[in-house]
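Colleague: Residue numbers (the working numbering): 611 to 1284.
For each residue, glycine too, the CB sits at the ideal point set by N, CA and C.
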Ligand code: NAP
């Protein structure tokens, strides 16, 4: 018997009065208890706000990204312990991989994105500066800073590890502490993962707390600096969303709910094509992975009416090969539902669907379970329904049986397929298996607004595709309407849910000081040694090099043209160039100007500049003709550490002509030694 504790205000609190029993999904026996009515939620909030938050906010985005990476690596080495516990939730080894490895992988992606896409600073810059005054001395830009409260994460039972880590990674990267409340049915796995994270010593004190069992009245004590991220059923979401304190204090409430996700077989994907087989395989996998207890699972299957029979036959063949049993057995392909009550719920929902559709596969009274007692564990067979008249049906479009239950339905043409897709009234994901670009586009235009994600797969992508049901950390996970209206993940977008966007307005120097990024018009430092001689550590924002001028000759232009082969008429033919609306006559190549610019600003000796790694936002603004002269101004705009040896310096470069007009502007990237 496991005592599943909570971690509150720095203490592990064992189950106490009000604890709930948790049964094994396989044997039905009570294996754990969790919950304690005496949990002091106000102390937890204070601990997060006063200890965890300040510690996290002291760190930069890069510090926090490094922390995530270390935590993920720590968990990776100890994942077997989480696998071992997870079998009792009914999950198979391949289910654990989605949950445990998927959760750790999500953390690693945020760790990497945090280092690559966020600054090594405390303020995130959202977009470029905007010039608000005529002379450029009054500017504006948007910044994001971490909320100064706590994130309360309420998670569903089906992914006890991934469900926690996919929310925790962006939250901690933002710099916000979290209180995690897993679903009670599987909280013993989450508790074990939290114990590992805390014992690693890698998280600052107060960054993560855990509520095992009931959440108490925590939502009544949140304020405008807090955020709630909920995952679970639409019913619970509606109840929690209605909390008057959340409304009164405009507490952010993100909701990821159930939805009636669908998959469409394209009209081109007839039997014999790779797409037909792929479709059958994906549908079967989505029905049976996690015994169908996936928020993204395919609940509705839409196929051209002419292909209905062959698809049903192929699905029946595949589903009949899905061995059901104790998930610890290697031969088991599908384990059990999480609990007896979940089984009851699934069977009740299946009965509703049966009112509108004929069951063509799966019989609850006649199926085999290997290595476990069918009557004690929460086992069910995959159940496939066929709805012949999906236009007048409603239960098949709004009833989520959260198990291995799906309904197949015919469509007449693509507009009809889109109409059926949209009858789910908002879903997390819809997949379309097609090798036809027009089909993909038509469905997108008719249906994208109803889905958080559209997944297209065909012969080209199938070897690499990650599956209809995988919410990838790079892509938005969530959906409109029935799916809750939330948007988790999506790369750095997911981090923004835990930050406040603020418009700041002021002089270029003020904006530079706040954002740690030099803004045009801010002070330039030009009385120091050549910036290429100064190390990454030494060099300051605003350090500027002003080059001498160089005259561009006709001979330069011709030499460059013949050397590179770029004999475009604008550089070679006076008359033709003059007829062009952009040029006064023959002009220098833009790339010649860039090369001259490098020659003008470079400091040739070996030094801290290791490499030129790129150039961003290049604009040619005024033509340069033979006889014109050019000079360059190079200013340190931004610095980002990259590894232990060097960091990236982003330089603002402007090329001027003899009239001090900007001829070109760009950002140059170099790697500089520390
Ligand atoms: P649920 O019954 O709605 O519970 C979700 C969470 O809410 C659990 O942690 C639950 O805790 C908690 N909760 C329930 N009542 C509460 C209250 N009064 N105050 C505070 N917390 C409360 O959902 P579930 O059965 O765990 O999960 C299955 C559902 O989640 C399915 O419908 C599925 O589609 C959906 N889901 C959606 C996503 C997504 O990303 N969109 C992902 C996974 C699952 P207790 O367990 O302690 O009651």
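Tell me where the alpha helix (DSSP H) around residue 679 begins and ends.
Modeller: 671-687
Colleague: Mind checking which residues open and close the alpha helix (DSSP H) that includes residue 926?
Modeller: 918-930
Colleague: Is DSSP giving residue 1209 helix, strand or coil here?
Modeller: It is helical.
Colleague: List the DSSP bridge partners of residue 1250.
Modeller: 1258
Colleague: As a quick exercise: from 611, 1263, 1273 and 636, pick the residue whose alpha carbon is nearest that of residue 948.
Modeller: 636
Colleague: At what residues does the alpha helix (DSSP H) containing residue 963 begin and finish?
Modeller: 950-964
Colleague: What does DSSP give as the partner residues of residue 1267 in its beta bridges?
Modeller: 1240
Colleague: Would you decide whether residue 849 is buried or exposed? Buried here means 16 or more other CB atoms lie within 10 Å of its CB.
Modeller: The residue is exposed, with fewer than 16 neighbouring Cβ atoms inside 10 Å.
Colleague: CB-CB under 8 Å to residue 1135, same chain, minus the five flanking residues each way: which ones, in chain order?
Modeller: 1150, 1152, 1153 and 1154
Colleague: Secondary structure at residue 622, three-state DSSP: helix, strand or coil?
Modeller: Residue 622 sits in a strand when the DSSP states are folded into three classes.
Colleague: Please state whether DSSP places residue 774 in a helix, a strand or coil.
Modeller: helix
Colleague: Is it the case that the stretch 896-908 contacts the stretch 655-669, given that we only count it when at least three CB pairs across the two stretches are under 8 Å?
Modeller: no
Colleague: What would DSSP say about residue 722, mapped onto helix, strand or coil?
Modeller: helix
Colleague: Is the beta carbon of residue 1118 less than 7 Å from the beta carbon of residue 1139?
Modeller: At the C-beta level, residue 1118 and residue 1139 stay beyond 7 Å of one another.
Colleague: Expressed to the nearest angstrom, what Euclidean distance is found between the alpha-carbon atoms of residue 789 and residue 818?
Modeller: About 6 Å.
Colleague: Helix, strand or coil: how does DSSP classify residue 728 here?
Modeller: The answer is coil: DSSP assigns residue 728 none of H, G, I, E or B.
Colleague: Taking Cβ to Cβ, would you say residue 1126 is nearer than 7 Å to residue 731?
Modeller: yes
Colleague: According to DSSP, simplified to helix, strand and coil, what is residue 1285?
Modeller: Missing from the structure shown is residue 1285; the chain here goes from 611 to 1284 and no further.
Colleague: Spatial neighbours of residue 1072 within its chain, please: C-beta separation below 6 Å, excluding the five flanking residues on both sides.
Modeller: 888
Colleague: Mind checking residue 1074: buried by the 16 CB within 10 Å criterion, or exposed?
Modeller: exposed
Colleague: The ligand NAP and residue 708: does any heavy atom of the ligand fall closer than 6 Å to the residue's C-beta?
Modeller: no
Colleague: Where in the stretch 1034-1107 do unbroken runs of the alpha helix (DSSP H), each at least 4 residues long, occur, reported from the N-terminal end onward?
Modeller: 1047-1057 and 1102-1106
Colleague: When the distance is taken between beta carbons, is residue 796 closer than 7 Å to residue 699?
Modeller: Yes, they are a contact pair.
Colleague: Please report the straight-line C-alpha distance between residue 830 and residue 854, rounded to a whole angstrom.
Modeller: 8 Å
Colleague: Note down the Cα distance separating residue 1009 from residue 962, rounded to an integer number of angstroms.
Modeller: 8 Å
Colleague: Taking only the alpha-carbon atoms, compute the straight-line gap between residue 681 and residue 792 and give it to the nearest angstrom.
Modeller: 19 Å
Colleague: Secondary structure at residue 660, three-state DSSP: helix, strand or coil?
Modeller: helix
Colleague: According to DSSP, is residue 710 helix, strand or coil?
Modeller: Correct three-state label for residue 710: helix.
Colleague: Would you give the residue range spanned by the alpha helix (DSSP H) that residue 754 belongs to?
Modeller: It is not in any alpha helix (DSSP H) - residue 754 instead sits in the beta strand (DSSP E) that spans 749-756.
Colleague: Cβ-heavy atom distance between residue 794 and the ligand NAP below 6 Å?
Modeller: yes
Colleague: At the level of alpha carbons, what is the spacing between residue 652 and residue 1034?
Modeller: Rounded to the nearest angstrom, the two C-alpha atoms are 40 Å apart.
Colleague: Name the one or two DSSP bridge partners that residue 1156 has.
Modeller: 1243
Colleague: What are the residues that DSSP puts in a beta bridge with residue 971?
Modeller: 994
Colleague: Please determine, among 1258, 805 and 1199, the residue with the shortest C-alpha to C-alpha distance to residue 1285.
Modeller: Outside the shown range of the chain, which is 611 to 1284, sits residue 1285, and nothing can be said about it.
Colleague: What is the DSSP secondary structure of residue 1142, counted as helix, strand or coil?
Modeller: helix
Colleague: Confirm the yes/no value for this check: CB of residue 842, any heavy atom of the ligand NAP, distance under 6 Å.
Modeller: Yes.
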